[in-house]
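Novice:
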Amino acid sequence: MISTVSTKPYADQKPGTSGLRKKVPVFQQENYAENFIQAIFDSLEGFEGQTLVIGGDGRFYNREVIQKALKMAAANGFGKVLVGKGGILSTPAASHVIRKYKAFGGIVLSASHNPGGPTEDFGIKYNISNGGPAPEKITDAIFARTKVIDSYKIADVADIDLDTVGSFDLAGMTVEVIDPVADYADLMETLFDFPAIRSLIAGGFRVVIDSMSAVTGPYAVEILEKRLGAPSGSVRNEVPLPDFGHHHPDPNLVHAKELYDDVMSADGPDFGAASDGDGDRNMVVGKGMFVTPSDSLAMIAANATCAPGYKNGIAGIARSMPTSAAADRVAEKLGIGMYETPTGWKFFGNLMDAGKVTVCGEESFGTGSDHVREKDGLWAVLFWLNIVAARKQSVKQIVEAHWAEYGRNYYSRHDYEGVDTDNANALVAALRAKLDSLPGTEINGLTVSAADDFAYHDPIDHSVSKNQGIRILFEGGSRIVFRLSGTGTSGATLRLYVERYEPDASRHAIETQAALADLIAAAEEVAEIKRYTGMSEPTVIT
Ligand code: G1P
Ligand code: ZN
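So the sequence shown is numbered by my numbering: it starts at 3 and just counts up by one.
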């Protein structure tokens, strides 16, 4: 019943910022997914008889790869697999299920916020027993294995019925098809003050969540409409579709513009939120106030004790390097640790496992805590609702009060997508070459205080990650950061991150791009973005 199938290696199976991501037709090549899954198993030890969690965001090709992974898990000796009904598990829910049922690890099928469909993106990621993305040591081993793999093991059995909750036998391995929502919703109920949020909503506070036809729909309906009593229809685009309804399931001001406009309109809802393809990102918009992800991290940290799950305070905060330093000021005031890591959630796992940090965040619409080991979109939305309910203030009032107390970090990210890879690499190489000579010089009238290519020394496992983004810091605390995306599937994406700290409350209402204009011009001057990319402006500004 178990076959060993011979195969040939593919040269391009290097996991990026968050697992292996490619276009669907790449994954549909003969043995492509099988090779990668076998390479994962070959890079692990001691899983015989153990439990594996499998689930995905429901995008095109999800079901097919789940069937392959189930049969391969059986052939490789796992004792049990927990799989979400319909093949569905949001990324944070998968992380929770791994932790709750003490699984050996999990396979999460997703390409996050990238579009889905027959010619769009797909992805496979391995998570370890703490529920978080595998660290580089493992992803490097997986990549090394993919380069030499010559066979994989698979059980020759019929497909499992993924649409019925229950226990099934697959070649001697148990497959449990589980309700993908219940465990996660129960966890949220332990962290947040559901009665307070319920009365906020019952009192007329109008909340809308746009699930963008992606995985959070069933979760948001269960939590917001069923458990918190919001009227039916409060969750929009709530049915997960394999192609996300042709939308780009990325919750930001470009792709969730309709929601944003609705909340900003005079008779629109009081609070709007959106999540991405696999449910780990979030966007929060209050009436008259969009909350930037960097600010959201700082404000959640500053107000953490409003939520029952965090009533004793937080141990520390971590943020990715390009994320604004707004949270640093909160950590300073609270007298707790602040950690600056490379981009990607996998760098937070060690800090959370060691109890050094409780909340973490990234500028890319990612916020989360040690309740799981992934960022968590709905968690952030519920945290904000809890804060609003506890403080009895609007989002706008909460944000403005925070700025008045701590100062405002104006912040924006400019993405140049689809850049020729050689040109993008040349831009970075040219910047790198001049880093040493920049300190003390002026760029567009701004004096450089320091410039480097960020390297991270993990304080827990002492691993070192180099070349994590070029930072140019200016006198007064402003900075620009350049890095290339590690999640794209075609060409290169250049990301420019721009930040200015403004302590003066009378200067907190400037339009963001205007407040950052001189830094944006400085970035052009030092990096010649237009010349290298051939683009006169960014493709996305967030
Ligand atoms: C992007 C974000 C990063 C996030 C990752 C996965 O990675 O910038 O913060 O962790 O997606 O959601 P990038 O494409 O920049 O490598
Ligand atoms: Zn995501």
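Idealized CB from N, CA, C, for every residue including glycine.
Here's the rule I'm using: 16 or more other beta-carbon atoms within 10 Å means buried, otherwise exposed. How should residue 257 be labelled?
Specialist: buried
Novice: State buried or exposed for residue 334, treating a residue as buried only when at least 16 other CB atoms are found within 10 Å of its CB.
Specialist: Exposed, by the Cβ-count rule.
Novice: According to the neighbour-count rule (16 or more other Cβ atoms, all chains shown, within 10 Å of its Cβ), is residue 48 buried or exposed?
Specialist: Answer is exposed; the Cβ neighbour count stays below 16.
Novice: Please check the pair residue 213 and residue 229, which I expect to be a contact at CB under 8 Å, by giving their CB distance rounded to whole angstroms.
Specialist: Contact flag wrong, Cβ pair sits at about 16 Å.
Novice: Quick one: residues in its chain with C-beta nearer than 7 Å to the C-beta of residue 410, no 5 flanking neighbours on either side, listed in chain order?
Specialist: Around residue 410, the same chain offers 504 and 510 as residues with beta carbons nearer than 7 Å, after the five sequence neighbours per side are excluded.
Novice: For residue 102, which residues in the same chain have their Cβ closer than 7 Å to its Cβ, ignoring the five residues on either side in sequence?
Specialist: The answer, listed in chain order, is 185.
Novice: Tell me whether residue 107 is buried or exposed, calling it buried when 16 or more other Cβ atoms sit within 10 Å of its Cβ.
Specialist: It counts as buried.
Novice: DSSP puts residue 274 in a beta bridge; with which residues?
Specialist: 210 and 287
Novice: Are residue 293 and residue 401 closer than 8 Å when you measure CB to CB?
Specialist: Less than 8 Å divides the Cβ of residue 293 from the Cβ of residue 401.
Novice: Is the region 197 to 216 touching the region 150 to 167 in the sense that three or more CB pairs, one from each, lie closer than 8 Å?
Specialist: no
Novice: What residue range does the alpha helix (DSSP H) around residue 335 cover?
Specialist: 328 to 336
Novice: Tell me, please, which residues DSSP counts as bridged to residue 476.
Specialist: 450
Novice: In angstroms with no decimal places, state the Cα-to-Cα distance between residue 353 and residue 134.
Specialist: 12 Å
Novice: Using a threshold of 7 Å, is the CB atom of residue 345 nearer than that to any non-hydrogen atom of the ligand G1P?
Specialist: In this structure, the ligand G1P has a non-hydrogen atom nearer than 7 Å to the beta-carbon of residue 345.
Novice: Give a yes or no on whether the C-beta atoms belonging to residue 329 and residue 279 are separated by under 8 Å.
Specialist: no
Novice: Enumerate in chain order the residues of its own chain whose CB-to-CB distance from residue 218 is below 7 Å, with the five nearest sequence positions on each side excluded.
Specialist: 92, 277, 281, 379 and 380.
Novice: I believe residue 392 touches residue 298 by the beta-carbon criterion, under 8 Å. Please report the beta-carbon distance rounded to the nearest angstrom.
Specialist: About 16 Å separates the two Cβ atoms, so there is no contact after all.
Novice: Assuming contact is defined by CB atoms lying nearer than 8 Å, are residue 407 and residue 495 in contact in what I supplied?
Specialist: no
Novice: Any heavy atom of the ligand SAM closer than 7 Å to the CB of residue 364?
Specialist: The ligand SAM is absent from the structure shown, which contains only the ligand G1P and the ligand ZN.
Novice: Considering only their Cβ atoms, is the gap separating residue 112 from residue 44 smaller than 8 Å?
Specialist: no
Novice: Where residue 255 and residue 3 are concerned, what is the direct C-alpha to C-alpha distance, given to the nearest angstrom?
Specialist: 51 Å
Novice: Classify residue 414 as buried or exposed, calling it buried when 16 or more other Cβ atoms lie within 10 Å of its own Cβ.
Specialist: Under the 10 Å beta carbon count, residue 414 is surrounded by 16 or more other beta carbons and is classified as buried.
Novice: For the region 383 to 390 and the region 187 to 194, state whether three or more C-beta atom pairs, one from each stretch, are separated by less than 8 Å.
Specialist: yes
Novice: Quick check on residue 314: buried or exposed, where buried means 16 or more other Cβ atoms within 10 Å of its Cβ?
Specialist: exposed
Novice: If you draw a straight line from the C-alpha of residue 531 to the C-alpha of residue 428, how long is it?
Specialist: 11 Å
Novice: Could you spell out where the alpha helix (DSSP H) holding residue 191 opens and where it closes?
Specialist: 184 to 193
Novice: Is any beta-carbon of chain C found at less than 8 Å from that of residue 234?
Specialist: Among the protein chains of the structure shown there is no chain C, as only one such chain exists.
Novice: Compute the minimum distance between the beta carbon of residue 114 and the heavy atoms of the ligand ZN, and state whether it is under 7 Å.
Specialist: yes
Novice: Kindly indicate which three-state DSSP category residue 566 falls into: helix, strand or coil?
Specialist: In the structure displayed, the chain extends from 3 to 544; residue 566 sits before or after that span and is not available.
Novice: Under a three-way DSSP split, which group does residue 419 fall into?
Specialist: strand
Novice: In this structure, does DSSP put residue 352 in helix, strand or coil?
Specialist: helix
Novice: Can you list, in chain order, the residues of its chain whose CB lies under 7 Å from that of residue 166, leaving out five sequence neighbours each side?
Specialist: 179
Novice: Taking the straight line between their C-alpha atoms, what separation do you get for residue 484 and residue 542?
Specialist: 15 Å
Novice: Quick check on residue 157: does DSSP put it in helix, strand or coil?
Specialist: Strand.
Novice: Just tell me which of 29, 74, 12 and 114 has its CA closest to the CA of residue 377.
Specialist: 114
Novice: Got a sec, what are the start and stop residues for the beta strand (DSSP E) residue 171 sits in?
Specialist: First-last of the beta strand (DSSP E) with residue 171: 168 to 172.
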